[in-house]
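S.K.: Numbering (UniProt numbering), first residue to last: 1 to 617.
A virtual CB, placed ideally from N, CA and C, is assigned to each residue, including glycine.
All of these numbers come straight from a predicted model, not from anything done at the bench.
Below is one structure. I have some questions about it.
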Amino acid sequence: MCGITGWVDYHGLGPTADTVLTRMTDTMAPRGPNGAGIWRCDIAGLGHRRLAIIDPDGGAQPMTHNHPSTGNVDLVLTYSGEVYNYRELRVALVERGHSFTTSSDTEVLLKAWAEWGPAAVSRINGMYAFGVWDSRERTLTLVRDRLGVKPLYFRHTESSLVFGSEPKAILTHDARRPEVDEEGIVALMLPLLKIPGRSPYSDIDEVRPGEIATFSARGLVRRRYWTLDEALTCPPRTTSLAEAAHTVRTILDDTVQRQLVADVPLCTLLSGGLDSTAITALANARRHGAPIRSVSIDFSAPVHNSQVNPNVDSEYASAAAQFIGSNHRSIILDGATLANRDTRSACVRSRDLPLGIGDLDMSLYLMCATIKEHSTVALSGESADEVFGGYLWFHRDDAVMADTFPWMSDSPAHGRLHHRIATSFRPELRAKLQLDDYVADQYRTALAELTPTGGGPQEQRMRELTYLGLSRFLPTLLDRKDRLSMAAGIELRVPFCDHRLVEYVAPLAWSLRTGDGQEKSVLRQAVSDIIPRAVAARRKSPYPSVADPDYSAETSRQLADRLAEPDCRLTELFDPRALQRAVQPATAPGALISNVEAELALNFDDWLRTYDPVLAL
1 MCGITGWVDY HGLGPTADTV LTRMTDTMAP RGPNGAGIWR CDIAGLGHRR LAIIDPDGGA
61 QPMTHNHPST GNVDLVLTYS GEVYNYRELR VALVERGHSF TTSSDTEVLL KAWAEWGPAA
121 VSRINGMYAF GVWDSRERTL TLVRDRLGVK PLYFRHTESS LVFGSEPKAI LTHDARRPEV
181 DEEGIVALML PLLKIPGRSP YSDIDEVRPG EIATFSARGL VRRRYWTLDE ALTCPPRTTS
241 LAEAAHTVRT ILDDTVQRQL VADVPLCTLL SGGLDSTAIT ALANARRHGA PIRSVSIDFS
301 APVHNSQVNP NVDSEYASAA AQFIGSNHRS IILDGATLAN RDTRSACVRS RDLPLGIGDL
361 DMSLYLMCAT IKEHSTVALS GESADEVFGG YLWFHRDDAV MADTFPWMSD SPAHGRLHHR
421 IATSFRPELR AKLQLDDYVA DQYRTALAEL TPTGGGPQEQ RMRELTYLGL SRFLPTLLDR
481 KDRLSMAAGI ELRVPFCDHR LVEYVAPLAW SLRTGDGQEK SVLRQAVSDI IPRAVAARRK
541 SPYPSVADPD YSAETSRQLA DRLAEPDCRL TELFDPRALQ RAVQPATAPG ALISNVEAEL
601 ALNFDDWLRT YDPVLAL
């Protein structure tokens, strides 16, 4: 897991290229605290920051490949992520005559590209984002993994392309003020919705999940090598629940085994829910010697019990750890630490944007920073709810049948967060930017990407929700996970994002995902023999949010202080009445997050001060 960057300019990089490339690379030092490197020729430069996971002594990047005939450098690779099947690929490459000087997956990826070119991606199992410079063809190719676990951004002009794992590397390239156009402002107002390929910055785009982008003197060519639609185009799979559960278990067992490969200490995130408990149990069963470490978070003030968050993670996590036999630790976070301005600033800078929901960003960042004391890799249960249909919005009729993204509907299924966030902004700004029309248009666009396959109205609707969740909601969580964990120097792996699992589960008939009257039936049955009964019967509980009144009060106080300062720009975007309500919070019974309005405003304030963007208002 690392940070990558670079740029190509067919007019030449110029005399300060090394300085600029080094500066771009250094912006991602937290992503790669174990090493740094740059490579450059007359028109191309690549940079890399390394977090050493596999073969710490080898695998330095950018890594070069010499053509077997001429001995000259023909390929240069800068790569972030993990290729989980690199050992099998290495055997296949040795059989084809390749030799290796390191034990790294980086060298395997580079020689796979030398052997098969872009067709190599169809052979890769992993999470990855990488750039390959071809010195013979004088082309740059950017590749992103199928589900978009690893980020990759770029800025393209007629003669040049600049790329990076994070926007900050691109913004540093020419050091001018970033610009946010009208659509970008809309995107900032919709933190629960990720539009594939876009960033709020007007001239920065994303390589889409499952995409290959090739830049040459003739221009930029983009193509998808994998799409969710392809995984959902077959008719609903109607096997037996037992058979489906067996297949899911087989895939998951293989996936977790692959994702345990690391030459550094490793742990799991264990909340005591079905997903994280399953991953921890499978991981512990594959360990040889000491039990696996597991980690949960808790708060010094109790988590609010409500319809949205009906139970406390800590008791379930402890029970699960005892049942599994993991070496468990609960990280206790207090309201003062969560409300610390430096913590918030670190989170905003890690994402280069004011996105983030409530205290959820700060708690994940602090948890990862604490994990770093003993582990560099952690396995997470993230994305199981999107794959198996676990969220409440898969099961409430008012969300399921809403003519919009179900998590943004007028339903308690997601705490009505979209409404609370949207109405925090100036009403005239929402009207000018046609926020509601934009959401409706994006909803129709997303549905149009999905090929109808039959199976009846309910099957088609649940397939639509699966597609919407995986393509428009999961990316917001993966982006959050990557940015905050990497800011702390931690690699978070997501076994439920294995494309083989998605390809098998996504077309399953909905009855198989709710066959026992609960959400995620097929997953529950697949792991029922290795998790406690209490966890198997537990209702879905979201990522925990602090209920400490002191935290909410401190957040409101910070906002009041900023509003009183003359350089505060918040009223450019936010409704002054909403801001005044946010400085006098009243904890709403059953609210998913008690004072998200104040927290969002503080995120924007930090971003406006730090990045000083030009807004198209």
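Report the residue from Ser300, His374, Gln580 whose alpha carbon sits nearest the alpha carbon of Ser294.
M.R.: His374
S.K.: Suppose the cutoff is 7 angstroms on Cβ atoms and the five residues either side in sequence are ignored; what does the same chain contact list for Ala281 look like?
M.R.: Only Ile324, Val527, Ile530, Ile531 meet the Cβ criterion.
S.K.: Could you give the first and the last residue of the continuous alpha helix (DSSP H) run that contains Arg524?
M.R.: If you look at Arg524, you'll find it in the alpha helix (DSSP H) that goes 521 to 526.
S.K.: Please list, in chain order, all residues of the same chain as Leu465 whose beta carbon is under 8 angstroms from its beta carbon, the five residues on each side excluded.
M.R.: Gly389, Trp393, Phe394, Val400, Pro406
S.K.: Exposed or buried, which one is Ala431 when buried takes at least 16 other CB atoms within 10 Å?
M.R.: exposed
S.K.: Indicate whether the contact test is met: 3 or more Cβ pairs, each with one atom in the stretch 137 to 148 and one in the stretch 169 to 182, closer than 8 angstroms.
M.R.: no
S.K.: Assuming Phe496 and Gly381 make a contact with CB atoms under 8 angstroms, what is their CB distance in whole Å?
M.R.: 7 angstroms
S.K.: Look at Gly164 and Met28 and say whether their C-beta atoms are less than 9 angstroms apart.
M.R.: yes
S.K.: Consult DSSP for Met63 and reduce its assignment to one of helix, strand or coil.
M.R.: strand
S.K.: Below 8 angstroms on the Cβ atoms is my contact criterion, and I expect Thr139 with Thr214 to pass it. Report the Cβ-Cβ distance as a whole number of Å.
M.R.: With 8 angstroms as the limit, Thr139 and Thr214 qualify as a contact, their Cβ atoms being about 6 angstroms apart.
S.K.: Closer than 6 angstroms by C-beta to residue 645: which residues in its own chain qualify, once you throw out the five before and the five after it? Chain order, please.
M.R.: This structure gives no information on residue 645, because the portion of the chain shown stretches from 1 to 617.
S.K.: Whole angstroms are fine: how far does the CA of Arg463 sit from the CA of Cys234?
M.R.: 11 angstroms
S.K.: Tell me Tyr543's beta-bridge partners as DSSP assigns them.
M.R.: Answer by DSSP bridge pairing: none, since Tyr543 is not bridged.
S.K.: Could you give the first and the last residue of the continuous beta strand (DSSP E) run that contains Val387?
M.R.: In the DSSP annotation of this structure, Val387 is not part of any beta strand (DSSP E); the continuous alpha helix (DSSP H) holding it starts and ends at 384 to 388.
S.K.: What separation, rounded to the nearest whole angstrom, lies between the Cα atoms of Thr227 and Pro209?
M.R.: 8 angstroms
S.K.: Using the Cα positions of residue 623 and Ala440, report the straight-line distance between them to the nearest angstrom.
M.R.: Because the chain here runs from 1 to 617, residue 623 falls outside it and cannot be looked at.
S.K.: Do Arg480 and Asp361 have their C-beta atoms closer together than 9 angstroms?
M.R.: yes
S.K.: If you drop the 5 nearest sequence neighbours on each side, which residues of the same chain put their C-beta closer than 6 angstroms to that of Leu21?
M.R.: Ile38, Gly45, Gly47
S.K.: Between Leu270 and Leu364, what straight-line distance do the alpha-carbon atoms span, to the nearest angstrom?
M.R.: About 13 angstroms.
S.K.: On the DSSP letters alone, give me the boundaries of the beta strand (DSSP E) that Cys267 sits inside.
M.R.: 266 to 269
S.K.: So what's Cys2 in DSSP terms, helix, strand or just coil?
M.R.: Note: Cys2 maps to strand in three-state DSSP.
S.K.: Report all residues from its chain with a CB closer than 6 angstroms to the CB of His499; omit the five preceding and five following residues, and keep chain order.
M.R.: Arg146
S.K.: Around the C-beta of Arg218, are 16 or more other C-beta atoms found within 10 angstroms, so that it is buried, or is it exposed?
M.R.: Burial is judged here by how many other beta carbons sit within 10 angstroms of a residue's own beta carbon; Arg218 has fewer than 16 and is exposed.
S.K.: Taking the beta strand (DSSP E) that Glu491 falls in, what are its first and last residues?
M.R.: In the DSSP annotation of this structure, the continuous segment of the beta strand (DSSP E) that includes Glu491 starts and ends at 491 to 493.
S.K.: According to DSSP, what are the bridge partners of Leu570?
M.R.: The partner list for Leu570 (beta bridge, DSSP) is empty, contrary to what the question assumes.
S.K.: Evaluate Asp612 with the Cβ neighbour count: other Cβ atoms within 10 Å of its Cβ, from every protein chain shown; 16 or more gives buried, anything less gives exposed.
M.R.: Asp612 is exposed by the Cβ-count criterion.
S.K.: Cα-Cα, which of Pro475, Ala506, Leu484, Ala487 is closest to Gln460?
M.R.: Ala506
S.K.: Under the DSSP definition of a beta bridge, which residues are partnered with Phe299?
M.R.: DSSP output for Phe299 lists Leu333 as bridge partner(s).
S.K.: According to DSSP, is Gln307 part of a helix, a strand, or is it coil?
M.R.: Residue placement at Gln307 is flagged as unreliable, the pLDDT there being 40, under the threshold of 50; a coordinate-derived value is accordingly withheld.
S.K.: Taking Ile297 as the reference, which of Glu243, Ala283, Gly273 has the closest Cα?
M.R.: Gly273
S.K.: Suppose the cutoff is 7 angstroms on Cβ atoms and the five residues either side in sequence are ignored; what does the same chain contact list for Phe100 look like?
M.R.: Arg90, Glu107
S.K.: Express the C-alpha separation of Ser103 and Gly59 in angstroms, rounding to a whole number.
M.R.: 8 angstroms
S.K.: Ordered along the chain, which non-local residues of its own chain (more than five positions away) have a Cβ less than 8 angstroms from that of Leu75?
M.R.: Thr64, His65, Leu110, Trp113, Ala114, Val132, Trp133, Asp134, Ser135
S.K.: Less than 9 angstroms between the C-beta atoms of Arg524 and Ala509, yes or no?
M.R.: With a cutoff of 9 angstroms on beta-carbon distance, Arg524 and Ala509 are scored as not near each other.
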